[in-house]
Structures are given as structure tokens and as C-alpha cells.
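Report on the following structure.
There are 2 protein chains.
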Amino acid sequence: MGVEKAFGFVLSTRRKELGLNQEELAFRCKLDRTFISLLERGKRQPSLDTIFKLAKELQMSPSELIKEVEDVFGN
Amino acid sequence: MGVEKAFGFVLSTRRKELGLNQEELAFRCKLDRTFISLLERGKRQPSLDTIFKLAKELQMSPSELIKEVEDVFGN
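Sequence lines, in order, name chains A and B. Going by the UniProt record's numbering, the residue at position 2 of the first sequence is 2; the numbering climbs one at a time, nothing skipped. Going by the UniProt record's numbering, the residue at position 56 of the second sequence is 56; the numbering climbs one at a time, nothing skipped.
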């Protein structure tokens, strides 16, 4: 699994845990909903800024978010 | 300080701690030296993949690298 897929899996899992749909998460992060969908499907990579924005809305620190990606990615 | 500047500061500090110049780090990560320079000056943002590649060569985990950026960025 590529790191993008691992990120997408963590993003979608955490979003659902918080009961957010893609539209709500996108709105909160001032991102486009289709971009959230592309990220979740591992078709796009987040930039550093996007990682920080998403982490905030997912109620975790950026490093916690990346740690989960590491664990899934098997780093 | 923007998150890009914080990342650049951490990248350059850690690289120097390891006694690497930009050329060596770029070669190891299969990145362009000018891109390393742009990252260190906060003029570009790393993608997720680049964060993972750089962390490996900087002998730290990606989440450790991001934690240092958080601390500098004052998250």
C-alpha cells in the first residue's frame, strides 16, 4: 500500500469516527469536497498545510495523524 | 511563521546535525538539490511522500519530523 493510500484510509476512518461527511470536513478545512474524496481514495497527496488543516478538524495533532499513517503504511 | 518556514527550519537544522549538505540529502532522497533549498527557505511545501523520504534520510520517523515542525510552528 502506498503512503497516499495509507493516508486516505486513516483520513476516512477518523472522519467517520467523528461522524463527519466529506462535505462537512471539506467546508471546515476550506477545501473542495472532491479533493477530500481524492485524498481518501489515495489519488492525491496532501501538502504539509493540508495535513495541518485536516489534523485540526480531525481533533488530533498533525504528528498523531502522521503516526497513524506510519502504522498503516508499515513504516 | 508559516508551516512551510517551520518545516524548512527543522529540515535544515536536522540536516546540519547529521553533517549532510543539500546535495547529499537530495541525492539520497532522489530529489533535486534546488528543491531541498526551496523547502529549507519555506518557498515550497513537501508532499506526504517527500516527508516520508526526508524523514528516513534524516534518521527519524515521519511523525517525529512533523512533531518538531509542530513545536517550531507553535501549533
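Using N, Cα and C, we set each Cβ at its ideal position, and we do this for glycine too.
Residues of its chain near residue i, where Cβ-Cβ distance is below 6 angstroms and the 5 sequence neighbours each way are ignored
| i | result |
| --- | --- |
| Leu-20 of chain A | none |
| Glu-40 of chain A | Gly-8, Leu-11, Ser-12 |
| Arg-14 of chain A | Leu-58 |
| Gly-42 of chain A | Glu-4, Lys-5, Gly-8 |
| Leu-38 of chain A | Arg-44 |
Residue-chain proximity (residue i, chain A), Cβ-Cβ < 8 angstroms
| i | result |
| --- | --- |
| Asp-49 of chain B | yes |
| Val-72 of chain B | no |
| Gln-45 of chain B | yes |
| Glu-4 of chain B | yes |
| Lys-30 of chain B | no |
| Ile-36 of chain B | no |
| Lys-67 of chain B | yes |
Where residue i falls, given that 16 or more other Cβ within 10 Å makes a residue buried
| i | result |
| --- | --- |
| Thr-50 of chain B | buried |
| Lys-30 of chain B | exposed |
8 angstroms Cβ cutoff met for residue i and residue j
| i | j | result |
| --- | --- | --- |
| Glu-70 of chain B | Pro-46 of chain A | no |
| Phe-52 of chain B | Val-3 of chain A | yes |
| Arg-33 of chain B | Glu-23 of chain B | yes |
Cβ neighbours of residue i in the same chain (closer than 7 angstroms, five flanking residues each side left out)
| i | result |
| --- | --- |
| Ile-36 of chain B | Gln-22, Leu-25, Ala-26 |
| Glu-68 of chain B | Val-10 |
| Arg-28 of chain B | Glu-57 |
Chain B within 8 angstroms of residue i, Cβ atoms only
| i | result |
| --- | --- |
| Phe-52 of chain A | yes |
| Ser-12 of chain A | no |
| Ser-63 of chain A | yes |
| Phe-7 of chain A | yes |
Residues of its chain near residue i, where Cβ-Cβ distance is below 8 angstroms and the 5 sequence neighbours each way are ignored
| i | result |
| --- | --- |
| Ala-55 of chain B | Ser-61, Pro-62, Glu-64, Leu-65 |
Below-8 angstroms beta-carbon distance, residue i vs any chain C residue
| i | result |
| --- | --- |
| Leu-20 of chain A | Here chain C cannot be found, since the structure's protein chains are A and B. |
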